[in-house]
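Asks:
Number of protein chains: 2
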Amino acid sequence: MSERPEQHRDPVDAIIDQWAAVRPDLDTAAMEVFGRVHRLSRAMGDRMERAYARFGISRGEFDVLATLRRSGEPYTLSPRQLSATLMLTTGGMTGRLDKLERAGLLRRSPDPHDRRGLQVTLTDRGLELIDEAVGAGGAVQTEALSAALDAEKAGHLAALLRELLAATEGQGG
Amino acid sequence: MSERPEQHRDPVDAIIDQWAAVRPDLDTAAMEVFGRVHRLSRAMGDRMERAYARFGISRGEFDVLATLRRSGEPYTLSPRQLSATLMLTTGGMTGRLDKLERAGLLRRSPDPHDRRGLQVTLTDRGLELIDEAVGAGGAVQTEALSAALDAEKAGHLAALLRELLAATEGQGG
DNA sequence: CGAAAGTAGCTTAGTGGTAAGCTAGTTTCC
DNA sequence: GGAAACTAGCTTACCACTAAGCTACTTTCG
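First to last, the sequence lines map onto chains A and B. The first sequence: position 38 = 34 (my numbering), numbered continuously. The second sequence: position 86 = 82 (my numbering), numbered continuously.
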């Protein structure tokens, strides 16, 4: 059992203690990091899903609109650029664009320079909606973070995560 | 643009710079944390998927076997306990158990104390396979972590993540 | 120029999950 | 003891994704 006082234990500590009891040979240091990363990602993903649902969009649809929004005016990218940025297959992107186009949040138009291609552009309504949704989603994240860590710790955490992410995404992962 | 030298920038820095250019009013501090958590979770998830594929199981199936394994002898839990632990609907659990039972890695038997219920138990082959897979998966995680951070930084990161996770999973999320 | 190779987006089949609803069995409580 | 409420696991319908393959178009290069 970990020596850590009860109020500072989390579900991952419990799992690691279980492993230590049945497989004391295992090195669990990496699990302390990646187990928590996994659970945090899932918990916050669920929260963001709920936050965006108020705007009638899913998290994946939010990501499409947000990518267009932060590309700047004229808020236009190709399906290819979108699926590459969002690490999605072209089939998956077709489905998301279908839904968002039906909802009137973006439109597809022919690429004038390449007749194979399309341009995807935010509509006025799409721009308005994503600007509100980005604000609401950001507020949820900010509140979750500041409830747990002060600004200094949060900055430290971000810096450590940057190092780990750069190394992990860098080397074929 | 961020002042950080190029070799210390990661993909999340680029996204945050884009937001700063088009929406300078946004507070992006929380995105520095949760954006990286999300991407790390996805990147490592893909790697683990590949690691477990060598044993003929998916990540979700690994989680079922691992939960049984770390529960200790006699490696028996109910479908209900498993789906609660893994935050999965009972329908999803039925599917995973079907596949694992067909593969001969676990067996379902009636619960002697409750005729509605079942007991799910690791077979000898399931025990052997999960012990190897846990080792292989742990090695992948350990390698990814130690390639990026020394032990002290890794411990610090784990501690910060513990604080954040405890707060996040604690308050309805 | 014209053939070969490459690229864009869509379609189809298959996968793994959720939500809702079902039956069988158990618990509660008068 | 028996009705009502609850619980366990499965089934069904649906959804979003991937992988593979298609057509249309573009680029490369002899």
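The beta-carbon is built from N, C-alpha and C at its ideal position, and this holds for glycine as well. No experiment lies behind these values; they were computed from the predicted model shown.
Determine whether the Cβ of residue 27(B) lies closer than 8 Å to any Cβ atom of chain A.
Replies: Yes, residue 27(B) lies at the interface with chain A (some Cβ there is under 8 Å from its Cβ).
Asks: Checking 8 Å against the spacing of the C-beta atoms, do residue 62(B) and residue 130(B) come in under that value?
Replies: Yes; because the gap between Cβ atoms is below 8 Å, this pair is in contact.
Asks: Under DSSP, the beta strand (DSSP E) around residue 24(A) begins and ends at which residues?
Replies: Run containing residue 24(A): none; DSSP gives neither H nor E here.
Asks: Starting from residue 7(B), find everything on chain A with Cβ-Cβ shorter than 8 Å and list it in chain order.
Replies: Neighbours of residue 7(B) on chain A, chain order: 161, 165.
Asks: For residue 74(A), decide whether its Cβ has a neighbour in chain B, counting only Cβ atoms nearer than 8 Å.
Replies: Output row for residue 74(A): interface = no.
Asks: Can you tell me whether residue 40(B) is buried or exposed, with buried defined as 16 or more other CB within 10 angstroms of its CB?
Replies: The residue in question, residue 40(B), is buried, as its Cβ has 16 or more Cβ neighbours within 10 Å.
Asks: Would residue 138(A) count as contacting chain B if we go by Cβ distances under 8 Å?
Replies: True, the Cβ-Cβ gap to chain B drops below 8 Å.
Asks: Leaving out five residues before and five after residue 112(B) in sequence, what residues of the same chain have Cβ atoms less than 6 Å from its Cβ?
Replies: Excluding positions up to five away in sequence, the list is empty.
Asks: Distance check for residue 32(A) and residue 42(B), CA to CA, integer angstroms please.
Replies: Straight-line Cα distance between these residues: approximately 16 Å.
Asks: DSSP three-state call for residue 115(B): helix, strand or coil?
Replies: Note: residue 115(B) maps to strand in three-state DSSP.
Asks: Closer than 8 Å, CB to CB, is residue 17(A) near chain B or not?
Replies: Yes, residue 17(A) counts as interfacial toward chain B.
Asks: Mind checking whether residue 23(A) and residue 158(B) have CB atoms under 8 Å apart?
Replies: Not in contact: residue 23(A) and residue 158(B) (Cβ atoms no closer than 8 Å).
Asks: Do you know offhand how far residue 118(B)'s Cα is from residue 65(B)'s?
Replies: Taking the straight line from one Cα to the other gives about 8 Å.
Asks: Measure the Cβ-Cβ separation of residue 116(A) and residue 72(A) and say whether it is below 8 Å.
Replies: Yes, these two residues count as a Cβ contact at 8 Å.
Asks: Could you tell me which chain B residues have their CB closer than 9 Å to the CB of residue 40(A), listed as they occur along the chain?
Replies: 30, 33, 34, 164, 169, listed in chain order.
Asks: List the endpoints of the continuous alpha helix (DSSP H) containing residue 108(B).
Replies: Run containing residue 108(B): none; DSSP gives neither H nor E here.
Asks: By Cβ distance, which residues of its chain are closer than 6 Å to residue 82(B), with the 5 residues on each side in sequence left out?
Replies: Within the same chain, residue 82(B) has close Cβ partners 59.
Asks: Which residues bound the alpha helix (DSSP H) around residue 98(B)?
Replies: Unbroken alpha helix (DSSP H) run through residue 98(B): 86 to 98.
Asks: Go to residue 152(B), then tell me how far its alpha helix (DSSP H) extends in each direction, as first and last residue.
Replies: 147 to 166 is the extent of the alpha helix (DSSP H) around residue 152(B).
Asks: For residue 72(A), write down the residues that DSSP places opposite it in a beta bridge.
Replies: Partner(s): 117(A).
Asks: Going straight from the alpha carbon of residue 91(B) to that of residue 52(B), what length do you get?
Replies: Taking the straight line joining both Cα atoms gives about 16 Å.
Asks: Between 126(B), 149(B), 164(B), which lies nearest to residue 102(B) when the distance is taken from Cα to Cα?
Replies: Among 126(B), 149(B), 164(B), the Cα nearest to that of residue 102(B) belongs to 126(B).
Asks: Closer than 8 Å, CB to CB, is residue 37(A) near chain B or not?
Replies: It does: the Cβ of residue 37(A) has a partner Cβ on chain B nearer than 8 Å.
Asks: Who pairs with residue 102(A) in a beta bridge, going by DSSP?
Replies: Its beta-bridge partners are 118(A).
Asks: Would you identify the three-state DSSP class for residue 83(B), choosing helix, strand or coil?
Replies: Residue state, collapsed to three classes: coil.
Asks: Determine the chain A residues that contact residue 80(B) at a beta-carbon separation under 9 Å, and present them in chain order.
Replies: Simply none; closest approach about 12 Å.
Asks: Quick check on the DSSP output: the alpha helix (DSSP H) that includes residue 58(A) runs from which residue to which?
Replies: From DSSP, the alpha helix (DSSP H) with residue 58(A) extends over 55 to 66.
Asks: Can you tell me where the alpha helix (DSSP H) holding residue 13(B) begins and where it ends?
Replies: Residues 7 to 18.
Asks: Spatial neighbours of residue 86(A) within its chain, please: CB distance less than 8 Å, with the 5 preceding and 5 following residues excluded, ordered by chain position.
Replies: Only 75, 76, 79 meet the Cβ criterion.
Asks: For residue 165(A) and residue 35(B), which I take to be in contact (beta-carbon distance under 8 Å), what is that distance rounded to the nearest angstrom?
Replies: With a Cβ gap of about 7 Å, residue 165(A) and residue 35(B) count as contacting.
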